[in-house]
Every structure is written in C-alpha cells, then in structure tokens.
DNA sequence: TTGAAAGCGCTAACAG
DNA sequence: CTGTTAGCGCTTTCAA
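Residue numbers (full-length UniProt numbering), protein chains in the order written: chain A, 1 to 331; chain B, 1 to 331.
See the structure below:
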C-alpha cells in the first residue's frame, strides 16, 4: 500500500528550463560549474513548478547516505530527548539527517529496529549502551557502517563510545551518602533486567557500600520501567517494611521524584528523617523546594559528541564526558 | 574488524540460492507464490549471507512509500512523546514506518522540516496544530500526500484533523475556577507567539471569565518556552506584583508544577491561599501530594487516530476526541 | 559549461 | 511457480 501518484521529476524541471537533466541536478546540489544564466533559468523553473527533489532516488544513485540512525530506549523523561537534541545539532552541522527509533528498553526490539534502520543504508548508527543481543551485534558489525554507543563506558564498545562510567556513578552516589553519615540505606529501583545501566549503577553502589562496611538494608524493585508514580508507591512499600531506613538511593530522578512526593504527602522530613538520592539531574528535581541530590549527566554533550564521531569517521574512539555530583538538599 | 565490505544485494542472494532475483524478492516481501523448497533455500541463503534488503532501492522501484512523516513542536515533556507513541502504534499496525521531526515551536523550522520530509516521498504527513507558514501550506497542498493535523480543532484543517477544541479547554478551565469561587485570577504563561494553542486557550479562558463578569487581574509571561523553572520564577514575580490573587491559570502543567513548587517553598497554602490550574494532565501533576487540577488530554488517542487516518486514506475527516477536567486538589 | 547515457538495487509486469 | 526485462528518479562519468 501507499501512494501512487505522478510527481514532478528532474525531467520536468529540465524540460521547463530547456536544459538537460544533469544540469538541473548540478544546480540543485550546488556542485559543478553552471553558468549564471542557466542557473537562474533552472531556479525559476524549480520555483514555478514547486519541485521537491526525490531523496530516495538521489540516495540510491549516489550510494552516499546522509542519514544517521539513532536508537534510544525511551522518550518518557528528558534524558533521551536531550541526547537527541545534542546529536541533531552535531549531525545538522555535518550535513546529516537523523532517523530515530525507540526500543522501549527491549533488547529484541532494539535488534529489529537496527535491522530496519540498516535497511535505509545509513552513514552511521548511534545506539544506547553497550549491551545488545548477539543478533544486533552481528548486524552492526556486518553492516560496515560507523557505530557509536552512547551513555556507558563500562565494557567494550564495537567502535566509537561516548559516555561516562556508570559503575563510578553508583560508587560516587554511595560515597556521598556514607560521607553524610547515612548508615541504614535502602534502594528503590525499576526493572534492571531491561535497563542494564541501572543495574550497573546499583552494582557500583553496593560495591562502595561494602567498602564502607555497609550493605543495602532493603530494596524495593518494580517490574516495569521507571516513573514518578512507581517511585512513589515503591518507597511507600519499602518504608512499611523497613521504617528505620535513613536514606534511599533511587534508580533515577523520576523514581526519586516520586519518593520525594511520598515524603511530602506523609510529612516525612527530608533529609533529617529520610535522605533521597537520584540519578540524571533532571529539571524537575532541580526545581523542587529542596533540590534533589543527584548525579547530573551531560546528556546534550553525549549526543553531540556521538554525532561528531559519526561525522568524523576517523577510527574507533572512546570519550569520557564524566558526570557531576549535585549536592542538593535531599541528601 | 571495521573493514567496510561491499554491500550485499539481491543478486548475491539469488546466486547463492541458485534462483532468480524476483523470486528472492517475492519471499522477502512474502508476496506471490513460491514453493516451500525454494523459499527454504532462499531463507537459508539470506541468513548465511546476513543480507539486509535495501529499502531505498525498494521504495524507488515500488513507487509506494510506507513512510509517514510526523512533525511535533517539542519533546521536552511527555505530551508529544505520548502522541508519537499513539501514532506509531497505529502506523505499525498499518505497515507504515514513521520519521519524526521536531520544530522547536518555530514556524519556519516547521516549513523546512516539511520540505525535508517531503523529499522522502512519504505516504502521509502528520503535523501539529492548524497554524503553519504560507510556504508550509503550499508545500503540503502541493505534495498530494495525505495530511493530518493534530491537537487542535479550532480552525480549518487542510485535510484530516484530530484533536479537541483548544478554545473550549480555556473556557472550561475558567468556568471551573469561577465555579469554585475564585475571583482574583491571574495567568502565568510562556511564549504564545510561538505556541498558538496556548494563545487560544488563554483567549477561551478570558472569554469565559468575561462572561462571568471577571477579567484577568494580572499575568506574567515568559519569553521562552514552558518549563518547570519558568513557571516557578514567573509565579514568584506575579505574586510580588499582585499578592492578592486567589487563583492562577498556567499555560500548561510544566508551568503549573513550577508554580506548585514555588508555593511549597514559600509556605503558600494550596488551594486556600492560592489555587493553581494547569493543562495536559501529565504524570508529575497526578503524583503530587495534592494532585494538580488540570485538563487531561487524550494524547495517545490523538496520535493513534491520526495514524489511522493516514493509513485509511478515505477523504477529509475531523475527529473530536474531547478532553477531561481533572478536579485535583489545587483548585 | 552542458548533455547523453549508464547504472544504483529493487519491484512489477509479463512470459514461460 | 519462476525467470527475464524494464524501469523508479536521480547522480555521475564521459564526450562534446
């Protein structure tokens, strides 16, 4: 199915301007010498006809794609939109266009998205994280296109990698809480089977806790993906079970925001009675009456750097953009 | 590793399987009769070679696009991601693929996005709102593709339109506040030059206020687009100027959330000292200790219906999906 | 500076 | 059921 319509082609423009097709192509791509007079005639014809070039045909003929495929796991908070904005800015500058796919944190959906995107013969592929299905890895390696993996530095990349150490984020978070004197620490998180980076953060967190002679007192995991509501309800359940906790580490700011709202509603004093710590440094957390203590990630920069890497195309590279501890007022 | 191999083509698969190209094409598209044995051989060859079909070539040859271009103004809250999710769900079901562009609420950027998307010869075009530049309208009308405009019903559409009356949203919001006894009402909003629908809501709001014998006591407008921070700071400024306000209407939930946080930080009792009213019905507002009073919009449904309209392709249509008043606890 | 012609990889008749 | 053969609309030599 689809449209079946006769549309204007280069030939129509050429006829209208009384020149050959290749000449029209030259002025359209602004490439190759064309006399001022001829160019003017062609531009007039293009405008009069309202001709829009057919990129499909153009790409097929030139074998040189200006498409870059980007696959992100989600769009439900600002994290990946920020990354996309960064990537777009770099890609635009390099003359590339992006096509984005959303995997919903499903690894098999990622694979089928990669397959679908590769069918567009993109110049490059930007994916999220280092964990992929075997099939996806085979596809990416076999495709011959430049691949850039974003967000995580803990592991081996296929080609380009831009991010920060997810493990270190967890460690830094734990150290902060320990340094502040919290000892009875709990965790509220979402599905770490699907979100591998959340799992890595937790592992780093536990590791630093252990080095401080502590262990996680209790934790509450929700089945689905992170959300404010999930964080709120999960914290409520956790506190019923373990009312003596003095701090809770959340899998991200959405979850932490929910926890914050729970405390607000229940009159639980933050951070004296309970401290909260998140991850990402989103706007909402920053705007709370007590700014959320969290780790801020340079999301735009990650996308932008990834986009540049795809454009540059000079060998494998690994860029650590780091992250920043936001002290906030909740921990 | 990293060596760019020449891309496989149908011909390679055909040779490998010992059949003709068109037969391979038939099994790949699952269209036309092919013997089980031949199909098996071809599938084996495809798998062994790791062949990924070239959609560029496929589209050019079949002259029937399965692409649908979607242009949204923003991705910074959940509104448009929700719409996109709905659209994707309908488009997937209809065998279409979406390509999305973000206009950042800039009307000229929308036009250039439309031009760029049209170059992909999509089967349909889904845009946001009824306000477009003249150039954009000419492009869309001249393209011959099905166009669906989402979110707003107040005005004339080019072809398909799915949404609700933005004007009515404003009226309903005002009626609610009046009905609750609020009389000294202010407004906090973002740039309505760029966000035409926010302007229409405000117009409806003012209209209903006037019918109730009231006028807006004061209003605070920020230059840029809506954000939590902008809402927080703008409410602060508004209250300095007009401390006697008893209710504030916000241009959307993001702004209202900021206002809520401001009140929380300043110890301003909600709704007794000051009532707050938003627009959209986002998750964050729902999860506050006092759920935000707002208008909930059926965003997924709008996207989904728009997607179906593009697939169906049967004449202009106009679908009113309505909206819902959420009483909440802030007004 | 310009035009003619040969593809790009695939689909879609049309034969066989 | 399967192969052959034209294109799809553009880019890109190669001559002129």
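Here a beta-carbon is modelled for each residue, glycine too, at the ideal position from N, C-alpha and C.
Residue i and residue j closer than 8 angstroms at C-beta
i: residue 232 of chain B; j: residue 220 of chain B; result: no
i: residue 177 of chain B; j: residue 260 of chain B; result: no
i: residue 148 of chain A; j: residue 124 of chain A; result: yes
i: residue 129 of chain A; j: residue 152 of chain A; result: yes
i: residue 283 of chain B; j: residue 88 of chain B; result: no
i: residue 91 of chain A; j: residue 311 of chain A; result: yes
i: residue 328 of chain A; j: residue 291 of chain A; result: yes
i: residue 75 of chain B; j: residue 99 of chain B; result: no
i: residue 105 of chain A; j: residue 223 of chain A; result: no
i: residue 230 of chain B; j: residue 186 of chain B; result: no
i: residue 300 of chain A; j: residue 86 of chain A; result: yes
i: residue 239 of chain A; j: residue 256 of chain A; result: no
Cβ neighbours of residue i in the same chain (closer than 6 angstroms, five flanking residues each side left out)
i: residue 184 of chain A; result: 217, 244, 245 and 246
i: residue 42 of chain A; result: 17, 24 and 27
i: residue 111 of chain B; result: 133, 135 and 136
i: residue 199 of chain A; result: 192
Pairwise C-alpha distance: residue j and residue i
i: residue 266 of chain B; j: residue 251 of chain A; result: 29 angstroms
i: residue 226 of chain B; j: residue 190 of chain B; result: 5 angstroms
i: residue 18 of chain A; j: residue 32 of chain A; result: 18 angstroms
i: residue 80 of chain B; j: residue 253 of chain B; result: 14 angstroms
i: residue 53 of chain B; j: residue 228 of chain A; result: 41 angstroms
i: residue 108 of chain A; j: residue 202 of chain A; result: 24 angstroms
i: residue 179 of chain B; j: residue 307 of chain B; result: 38 angstroms
i: residue 298 of chain A; j: residue 150 of chain A; result: 11 angstroms
i: residue 84 of chain A; j: residue 262 of chain A; result: 31 angstroms
i: residue 34 of chain B; j: residue 154 of chain A; result: 48 angstroms
i: residue 11 of chain A; j: residue 38 of chain A; result: 15 angstroms
i: residue 21 of chain A; j: residue 14 of chain A; result: 5 angstroms
i: residue 330 of chain B; j: residue 234 of chain B; result: 18 angstroms
i: residue 29 of chain A; j: residue 23 of chain A; result: 10 angstroms
i: residue 192 of chain B; j: residue 135 of chain B; result: 21 angstroms
i: residue 160 of chain A; j: residue 131 of chain A; result: 14 angstroms
i: residue 56 of chain B; j: residue 63 of chain A; result: 10 angstroms
i: residue 9 of chain A; j: residue 139 of chain B; result: 16 angstroms
i: residue 273 of chain B; j: residue 209 of chain B; result: 20 angstroms
i: residue 270 of chain A; j: residue 197 of chain A; result: 27 angstroms
i: residue 70 of chain A; j: residue 114 of chain A; result: 9 angstroms
i: residue 302 of chain A; j: residue 317 of chain A; result: 13 angstroms
i: residue 44 of chain A; j: residue 51 of chain A; result: 11 angstroms
i: residue 204 of chain A; j: residue 156 of chain A; result: 18 angstroms
i: residue 188 of chain A; j: residue 116 of chain A; result: 35 angstroms
Contacts around residue i, its chain only, beta-carbon distance under 8 angstroms, and the 5 residues preceding and following it disregarded
i: residue 206 of chain A; result: 170, 174, 215 and 216
i: residue 65 of chain B; result: 59, 120, 121, 122 and 123
i: residue 295 of chain A; result: 169, 172, 173, 278, 279, 280, 281, 323, 324, 325 and 326
i: residue 241 of chain B; result: 218 and 220
i: residue 349 of chain A; result: Missing from the structure shown is residue 349 of chain A; chain A here goes from 1 to 331 and no further.
i: residue 97 of chain B; result: 66, 67, 68 and 91
i: residue 72 of chain A; result: 80, 83, 84, 100, 101, 102, 103 and 128
i: residue 212 of chain B; result: 174, 175 and 178
Limits of the beta strand (DSSP E) - the one that residue i falls within
i: residue 250 of chain A; result: 247-250
i: residue 319 of chain B; result: 318-320
i: residue 242 of chain A; result: Taken as a continuous stretch (DSSP letters only), residue 242 of chain A belongs to no beta strand (DSSP E), as it is neither H nor E.
i: residue 69 of chain B; result: 67-72
i: residue 91 of chain B; result: First-last for residue 91 of chain B: 79-93, but that is the alpha helix (DSSP H), not the beta strand (DSSP E).
i: residue 147 of chain B; result: 146-152
i: residue 294 of chain A; result: 294-296
i: residue 277 of chain B; result: 275-277
Residue range of the alpha helix (DSSP H) that includes residue i
i: residue 260 of chain B; result: 253-266
i: residue 164 of chain B; result: Counting along the chain, residue 164 of chain B falls outside any alpha helix (DSSP H), though it belongs to the beta strand (DSSP E) covering 160-164.
i: residue 143 of chain A; result: 134-143
i: residue 124 of chain A; result: Residue 124 of chain A -> not in any alpha helix (DSSP H); beta strand (DSSP E) instead, spanning 124-128.
i: residue 217 of chain B; result: Residue 217 of chain B -> no alpha helix (DSSP H), and no H or E assigned at all.
7 angstroms CB neighbourhood of residue i in its chain, flanking five on each side removed
i: residue 145 of chain A; result: 122, 123, 124 and 125
i: residue 305 of chain A; result: 162, 319 and 321
i: residue 49 of chain B; result: 8, 12, 13 and 16
i: residue 141 of chain A; result: 158
i: residue 309 of chain B; result: 148, 160, 162 and 317
Problem - Stretch-stretch touch, CB-based, cutoff 8 angstroms, three pairs: the segment 153-170 of chain B with the segment 308-325 of chain B - result: Contact between the segment 153-170 of chain B and the segment 308-325 of chain B is present, because at least three Cβ pairs lie under 8 angstroms.
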